[in-house]
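Just below is one structure, and these are the notes that go with it.
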Amino acid sequence: MAEPRNRYSQVSLILHWLIAVMVIGQIALIMVHDATEGGPWMGLHKSVGLSILVLTLARLGWRIANPAIPLPAEMPRWQRLLARGTHVLFYAVLIGMPLGGWAASSAAGRDIAWFGLFDWPLLPISGGREVAGQFMDAHEMGAKLLYVLLALHIVGALKHHFVDRDNVLHRMLPFIPRRP
Numbered sequence: 093m094a095e096p097r098n099r100y101s102q103v104s105l106i107l108h109w110l111i112a113v114m115v116i117g118q119i120a121l122i123m124v125h126d127a128t129e130g131g132p133w134m135g136l137h138k139s140v141g142l143s144i145l146v147l148t149l150a151r152l153g154w155r156i157a158n159p160a161i162p163l164p165a166e167m168p169r170w171q172r173l174l175a176r177g178t179h180v181l182f183y184a185v186l187i188g189m190p191l192g193g194w195a196a197s198s199a200a201g202r203d204i205a206w207f208g209l210f211d212w213p214l215l216p217i218s219g220g221r222e223v224a225g226q227f228m229d230a231h232e233m234g235a236k237l238l239y240v241l242l243a244l245h246i247v248g249a250l251k252h253h254f255v256d257r258d259n260v261l262h263r264m265l266p267f268i269p270r271r272p
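Each residue of the sequence shown is one higher than the one before, starting from 93 at the first, in the numbering used here.
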């Protein structure tokens, strides 16, 4: 099932926006957790993070089977490289961060109850708090990179729509009409 050439498929749209909403939710969850210093927020954060991992792997598989729509021919080479590089880094961060959090929980021997439905298996990693702390440091660095990538992605999409006035944003937002 190949991608249409002027808009991404429903599968691509659903995965993109579901992951986007979950990432924003993760930011909110960690802010609430930090503000309240406890509560159920961290367990929910872990469940959503592992869900993001699974959905990102599904999205990556879909992307491999359905190559991206070509960028506009008139787009400068440096913008093409920035766009592709940002997408590659997004995949790396959206896979690496949940893996890092999972590894930290595993090293510390902290169970992960996926939305309270079942216990997510821990990775065979030991080392206690010290090793868990190292994984959490990497996890937090990933969060900082994620913020930069989100800003680049959003600014790039808005630039295409309002400055370049092309159809790049139309490809991912169903309610944006296609420009001639």
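Beta carbons are placed, not taken as given, at the ideal position from N, Cα and C, and that holds for glycine.
Item to complete: Pull up the DSSP beta-bridge partners for Trp206, would you.
Response: Phe210
Discussion item. Determine whether the beta carbon atoms of Gln118 and Gly141 lie at a separation below 8 Å.
Written reply: yes
Worksheet entry | Closest residue to Asn201 among Phe182, Ser101, Gly188, Gly225 (Cα-Cα distance) | Correcting the residue type first, residue 201 is Gly in the shown sequence and not Asn. Looking at the Cα atoms, Gly225 is the closest of the given residues.
Discussion item. Beta-carbon within less than 6 Å of Pro96's beta-carbon, same chain only, minus the 5 sequence neighbours each way: which residues are those?
Written reply: Legend: pLDDT at Pro96 = 47, less than 50; position of this residue unreliable, no value from coordinates given.
Worksheet item: Does the distance from the C-beta atom of Ile217 to that of Ala230 stay below 8 Å?
Response: no
Worksheet item: Nearest to Val185 by alpha carbon, out of Leu149, Asn98, Ala120?
Response: Leu149
Worksheet item: From Arg257 to Arg271, what distance separates their C-alpha atoms?
Response: 8 Å
Worksheet entry | Whole-angstrom distance between Val124 and Trp154, CA atom to CA atom | 33 Å
Worksheet item: Gly135 and Met189: beta carbons closer than 8 Å?
Response: no
Item to complete: Check whether the Cβ atoms of Leu145 and Leu174 sit closer than 8 Å, and answer yes or no.
Response: no
Worksheet entry | Beta-carbon gap between Leu181 and Leu241 smaller than 8 Å | yes
Discussion item. Assuming the contact rule is C-beta atoms closer than 8 Å, Ser143 and Met114 should be a hit. Round their C-beta distance to whole Å, please.
Written reply: 6 Å
Worksheet item: For His137 versus Leu147, is the C-beta spacing smaller than 8 Å?
Response: no
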